[in-house]
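Scroll down for the structure; my scribbles are underneath it.
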Ligand SMILES: [Zn+2]
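Numbering (the working numbering), first residue to last: 79 to 555.
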């Protein structure tokens, strides 16, 4: 063959294991979360009403919700922070939280179960028909551990990731429970609309996914109302000493909440530049706001729809790289969802490669295309060399999160993922590669995309490339 790389890359994409889940609705109707929550002294007391839209095609008698916040409790079988990060994350030593369900109504019965008390299971009073809706109210309390993690009291802020019971995705007729693996981002959810009221002590400022509809100061409390449509999650961060820098990136209001940044205008500018770059490259960013929040976080950053965490422990260059990676997740996670438990490379590899695309055209930040590719190749090469010392190297990317060691997970999902997309680009050429990415974004926006959907976005381009190669007599395609 003249271009074996093309066929190898196509084979790698097309022979990935089939996944069973179905895509969510691309357009409304969607489920809707209305959450009214009050934060005080490390506890969030909330009432959540879900208007559930049954798009499964079958009548349902039960609804399940993932209770990610319960993984922080003492004795959890699946602790969200691995031993190697625990010392840094739990800055005052051991600390525990948890999520307690107070009531669910209307329903026949409910309990908290699953493999690690990680699921709220609700048996409905009457079935919700296919294409129908039901409404359910859940009163719950989220107790926060002192931990610099997705959900917890950090040293300078309060992280409210995964702060509500999240509807489980149904696959093959059963709800999919998500265990809180300490590796990766085990959050798998469909798009919904959000109306969130958050009451905090007046000394706090809240940064959140979605646009602020109102903010009222009364009785020593600050009460915000946020809304966000067609998003697969909603998160907030509370800070007692936030400053805010903001600007417009096209039609999007970009905000940067920070408490320690020697050059906040640079961070804000990078957020805007990367948002505009990806909008132009992949397709329009859909939300009214994009919020970057500096916070205490034991990893570099974390993505949520319309909001990202940026760790306050990052050096300047690391923060720049992390911010661009997290911004790319707005396309590859927030808008185009995938399964981060079974196919983590799909959004992590693409977010890494998207960061490379940004930096190869924006050299002023000190990262180069050659340097980033060299780093990925070296990381992957070293991993393979180490593995081979113990026998045959297992370089498979498509594993459940708990089937990776921490080092393996990073090298295979990020570095090898990045190299996969570079190989695909080299095989197809820029025009077809970017057309494929744009198609992937346009056709899967608001959905959960399987690896097969990603491959399908490039099939036509690949066929054209092969045809072009034949016709050109084997010249570079
Ligand atoms: Zn990522």
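The C-beta atom is built at its ideal place from N, Cα and C for all residues, glycine as well.
In terms of side-chain proximity, the C-beta atom of residue 429 is found nearer than 7 Å to a non-hydrogen atom of ligand 1.
For ligand 1, no non-hydrogen atom lies closer than 7 Å to the CB of residue 140. With fewer than 16 neighbouring CB atoms inside 10 Å of its own CB, residue 326 falls in the exposed class. An exposed status is given to residue 329, since fewer than 16 other beta-carbon atoms sit within 10 Å of its beta-carbon. In this structure, residue 360 sits away from residue 492, with a CB-CB distance that is not shorter than 8 Å. According to the DSSP assignment, residue 425 belongs to the alpha helix (DSSP H) that extends over 422-439. Around the beta carbon of residue 464, a 10 Å sphere encloses fewer than 16 other beta carbons of the protein chains shown; the residue is thus reported as exposed.
Buried is the label assigned to residue 267, since at least 16 other Cβ atoms lie within 10 Å of its Cβ. For residue 144, the enclosing beta strand (DSSP E) has its first and last residue at 138-144. Taking all protein chains in view, the Cβ of residue 424 is crowded by 16 or more other Cβ atoms within 10 Å, so the residue is classified as buried.
In this structure, residue 438 sits near residue 447, with a CB-CB distance shorter than 8 Å. Relative to ligand 1, the beta carbon of residue 421 is positioned no closer than 7 Å to any heavy atom. Residue 125 and residue 362 have their alpha carbons spaced roughly 34 Å apart. Pairing residue 511 with residue 535, the inter-Cα distance amounts to about 10 Å.
Per the coordinates, the alpha-carbon of residue 264 lies some 7 Å from the alpha-carbon of residue 257. In the pairwise beta carbon analysis, the segment 107-120 is classified as not touching the segment 139-150: fewer than three pairs are separated by under 8 Å. Ranked by how close their Cα comes to the Cα of residue 375, the residues 157, 227, 110 and 127 have 227 in first place. Going by DSSP, residue 482 is part of no beta strand (DSSP E) at all; its letter is neither H nor E. When C-beta atoms of the segment 413-422 are compared with those of the segment 478-489, three or more pairs fall below 8 Å, so the two segments count as touching. Considered as a whole, the segment 109-191 harbours 109-118, 121-131, 138-144, 176-183 and 187-191 as its complete beta strand (DSSP E) runs of no fewer than 3 residues, in chain order. A direct Cα-to-Cα measurement between residue 171 and residue 162 gives close to 14 Å.
If you look at residue 353, you'll find it in the alpha helix (DSSP H) that goes 342-360. In the structure shown, the three-state DSSP call for residue 304 is strand.
Distances from the CB of residue 484 to the heavy atoms of ligand 1 are all 7 Å or more.
Taking 8 Å as the cut-off, the Cβ atoms of residue 244 and residue 144 count as close. Shortest gap from the CB of residue 468 to any heavy atom of ligand 1: 7 Å or more. Nearest neighbour of residue 168 by Cα position, chosen from 232, 368 and 293, turns out to be 232. Between residue 385 and residue 379, the beta carbon gap of about 11 Å keeps them out of contact (Cβ cut-off 8 Å). Per the DSSP secondary-structure output, residue 410 pairs in a beta bridge with 414.
Annotation for residue 381 indicates a beta carbon within 7 Å of some heavy atom of ligand 1. Beta-carbon to beta-carbon, residue 523 and residue 414 are separated by about 6 Å, close enough to satisfy the 8 Å threshold. If you draw a straight line from the Cα of residue 236 to the Cα of residue 408, it is about 22 Å long.
Taken atom to atom, the span from the alpha-carbon of residue 471 to that of residue 494 is near 14 Å. Nearest in C-alpha terms to residue 254, of all of 271, 280, 270 and 199, is 199.
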